[in-house]
Each structure stands twice: as C-alpha cells, then as structure tokens.
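I have placed the structure first, in the form of structure tokens, so that the comments after it can refer back to it.
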Amino acid sequence: MRTQIGIIGGGPSGLCLARLLSLSGIKSVILERQTRDYVEARIRAGILEQGMVDLMRRAKVSDRLDKEGLVHDGIVLAFDGREERVDMASLTGGKRVTVYGQTELTKDLYDAVLEDENVTVIFSAGDVELSGYLEGSPKLSYTKDGKRSTVECDYIAGCDGYHGASRASVPRGMIREFERVYPFGWLGLLADTPPVHEELIYANHERGFALCSQRSHTRSRYYVQVGLDEKIEDWSDDRFWDEIRARLPAHIAERMVTGPSLEKSIAPLRSFVAEPLRFGTLFLVGDAGHIVPPTGAKGLNLAASDMYYLSTALIAYYNEGRSDLLDRYSEVALRRVWAAVRFSWWFTSITHKFGGDPIERKIQIAELDYLMSSTAGKTTIAENYVGLPFDPSFK
Numbered sequence: 004m005r006t007q008i009g010i011i012g013g014g015p016s017g018l019c020l021a022r023l024l025s026l027s028g029i030k031s032v033i034l035e036r037q038t039r040d041y042v043e044a045r046i047r048a049g050i051l052e053q054g055m056v057d058l059m060r061r062a063k064v065s066d067r068l069d070k071e072g073l074v075h076d077g078i079v080l081a082f083d084g085r086e087e088r089v090d091m092a093s094l095t096g097g098k099r100v101t102v103y104g105q106t107e108l109t110k111d112l113y114d115a116v117l118e119d120e121n122v123t124v125i126f127s128a129g130d131v132e133l134s135g136y137l138e139g140s141p142k143l144s145y146t147k148d149g150k151r152s153t154v155e156c157d158y159i160a161g162c163d164g165y166h167g168a169s170r171a172s173v174p175r176g177m178i179r180e181f182e183r184v185y186p187f188g189w190l191g192l193l194a195d196t197p198p199v200h201e202e203l204i205y206a207n208h209e210r211g212f213a214l215c216s217q218r219s220h221t222r223s224r225y226y227v228q229v230g231l232d233e234k235i236e237d238w239s240d241d242r243f244w245d246e247i248r249a250r251l252p253a254h255i256a257e258r259m260v261t262g263p264s265l266e267k268s269i270a271p272l273r274s275f276v277a278e279p280l281r282f283g284t285l286f287l288v289g290d291a292g293h294i295v296p297p298t299g300a301k302g303l304n305l306a307a308s309d310m311y312y313l314s315t316a317l318i319a320y321y322n323e324g325r326s327d328l329l330d331r332y333s334e335v336a337l338r339r340v341w342a343a344v345r346f347s348w349w350f351t352s353i354t355h356k357f358g359g360d361p362i363e364r365k366i367q368i369a370e371l372d373y374l375m376s377s378t379a380g381k382t383t384i385a386e387n388y389v390g391l392p393f394d395p396s397f398k
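Below is the structure:
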C-alpha cells in the first residue's frame, strides 16, 4: 500500500492530523493497534484549550463540541480554608477553556474520518515496525489477522503515545530524553453525578491534592493525590468519596452528590520530553514526544499544538513545495512544549503534598496567598491555563 502520510496511532492526535491534511487533499493511512470500540471507550482528558477547539472547527468536526461543550471562564483554587477564583476570561482578553470529554472528541473524529476518502484506518494493526525514515524511504510494517503488510509513505507521524513504537524505533544516540517522576499519582473516579461546582476546583490540603472536574452537567470526574504504592482494589467508592470530601471546604463537601463509579484508575505523574521531535521523515506528535502532569490540563492540548505545526508544515510542503516549515517543526513545537512542562511542574509544585515537612506547605500557602492577591499572579495562571498562543511566524 502506498500513501503520502503514514500515521501511527488512531487516538485524537492521529485522527485530527489526518482530517486536517485531508481537507487540503493529502492522503494518509492510520495504523491503530486497538479496535475502534476500545479507543473510543478510553477515559482521558476533558479540558480543551481554545487552540484545540479551533483545530476541531478547522477540521469540520466541531458541531457536537460547539453544542454540548461547557465553556468555562475561570477556575477555583481552594487552600487554607479559602476559595479564590481566577477569572481567566477577564485576565486574558476573553480566552476560555471548554469541557468536552476526550471520548466524545474521539467519536466525533472517527465519524468524520471513516467517511473521508483521503483517510484509511486500519484497526487491530499489531507489531508495527518503522524503517527507512532516516534514509528518505519510510515504511510501516504491521500484522493484521496473521498477515504481515507494509505501508510505503513520504512521511511518518508518530501519534502512538509514550509506550508506542515511534520513539522506541529511534537510535538511542540520536535522541535525548528528559524525565522527572513525581512521588505520587492521581486516583480518578468518574460518576454519573452532577458536578459539585460549575467550575473546576483545585484544592491544596494537608492530606494531599484534590481536583473536582466534570464532563457534562450530569457526569463528574474527581481526583485525589495518592501514593505510588496504592492499589485500586483498596479504594472502594465509599472510601474515595470520604477522602475527597475531607480535602474540600466543608460547604462544598456537604453538597457533593456521590454515586457508583463508572471508572476508577490510578495514574502516576511524570514530566517527560524527547528532543528533537524529528528524525529524517519521522515526526513525533503528542505523548510520543512529551508527557506532562495532568495538573495544568496540558496533555491533549500540547498534542494539538504539535498537530497544528505539523499539519501546517505538511500542507505547505505538498501545496506550495516548501520544506522550511518541516525543518522548523521540532524547534517551534518544543518551545511551546517546554513552556507547558514548566507550567505543569510549577502548578503541581504549589498544589500537591510532596512530603511531611510542615515548612513546605507553609511556603505553598504563602505563594498561593501572594498569587491570589496579585493581578499579575492571577494573570500568570490564567494565561498558561487557557493556553499560550501558537507561534504566529509559523505559516
């Protein structure tokens, strides 16, 4: 099989990239190792920056997002018995975030992509191997139904996540990896209960961090910080609800509606960046090249900026014969990646419990107190949370 762009990974990154390219007449083949049902059922992020919303509109798959997405103007920080609101919209000239579950985003993208004549999706494609991308003759080999097949292409987009084949295929001497593993994880619970608050609540508590998030007016997503040695089977629903209510201001905890969990999981936290993001005709996109703690809601949104830069560069190459943007992809994408890594690390550092040293939390409270008393401090949070702009020179 021959195509222009070979895409590894049929999650939101690969799907949206394929759709953006298709609208400019560029053909692609997506290799996804799971089934469609499996991919659509994965519980992932739900906070979209304006940049991701704009990309969905540009890809012409935003009808349901625009109708059902919950637009948020601010977030709430709870600490030391206080609640402080960061009015992001007023501090950033009207920028906002939209709550829309990644599962719904993925369904919308599949509905469009599977009807797109420029995109071929191959599900249950196992044992993917990359070759030839350093020599200018990229190929993707895979196994489906016991048969080995090959896709020849001009470029490869590695959208297959942290554990995927794309980054793993790069010779170790060509790539540099930076990583910080945090000494805790997030225990998350999804429930069909109304959110406890109309906006997200980030709580710094002496027992540990907590987050009250949501997916809709009737579905909530909650998180509590837990140790890396915790096991999911030790956390009954009742234990979870008791713990998160203990970490919230009393009047908020009292109005929290509890219910049976639809999904429960523990995710470790890490910061990770691979440099560069281009190797010959292979480009790393999203989690394949970088991971951030979920505190700042940057994971999917960083993938969106990668998609924006790579789609722009590939469209310029095929439609205008330009290669300059492809040459700049890694440098420009990494600049925004590192900015998000810094914010996610910093926001984590002032909201989570890192140890038992009492001076640490006193310093956190002092910093939060300063930030909330300063317009400049609140603006710093707001500008980063709604998402830094894409590089305007990349066109």
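First residue of the sequence shown: 4, per this note's numbering; consecutive thereafter. Using N, Cα and C, we set each Cβ at its ideal position, and we do this for glycine too.
#1: Following the continuous beta strand (DSSP E) through proline 271, name the residue where it begins and the one where it ends.
#2: Within the continuous alpha helix (DSSP H) that includes cysteine 162, where are the two ends?
#3: Who does asparagine 207 pair with in a DSSP beta bridge?
#4: For alanine 48, does the three-state DSSP call read helix, strand or coil?
#5: With DSSP run on the structure shown, which of helix, strand or coil describes valine 340?
#6: With the cut-off set at 8 Å, would you say tyrosine 94 and alanine 343 are in Cβ contact?
#7: Does the distance from the CB of aspartate 119 to the CB of arginine 5 come in under 8 Å?
#8: Given a cut-off of 8 Å on the beta-carbon distance, is the pair glycine 104 and aspartate 195 in contact?
#9: Could you round the C-beta distance between serine 122 and isoleucine 11 to whole angstroms and report it? I think they count as a contact, below 8 Å.
#10: Any idea what DSSP makes of valine 199, helix, strand or coil?
#11: With a threshold of 6 Å on Cβ separation, who are the neighbours of proline 279 within its own chain once the five nearest residues in sequence on each side are excluded?
#12: May I ask you to report which of helix, strand or coil DSSP gives lysine 63?
#13: Sort out for me which residues DSSP pairs histidine 220 with in a bridge.
#14: Going along the chain, which residues of its own chain have a beta-carbon closer than 6 Å to the beta-carbon of valine 229, five neighbours each way excluded?
#15: Just tell me which of Ile247, Ile33, Thr284, Glu87 has its CA closest to the CA of serine 377.
#16: Just to confirm, is the Cβ distance from serine 16 to cysteine 162 under 8 Å?
To lay it out plainly:
#1: 264–278
#2: Neither: cysteine 162 is in no alpha helix (DSSP H) and is coded neither H nor E.
#3: Phe82
#4: coil
#5: helix
#6: Looking at the sequence itself, residue 94 is leucine, so the reference to tyrosine does not match. Cβ distance not < 8 Å, so leucine 94 and alanine 343 don't count as in contact.
#7: no
#8: no
#9: For clarity, residue 122 is valine in the given sequence; the question names serine instead. Contact doesn't hold; Cβ gap of about 14 Å is too wide.
#10: coil
#11: Ser333
#12: coil
#13: BP columns for histidine 220 are empty, so no partner.
#14: Gly188, Leu190
#15: Glu87
#16: yes
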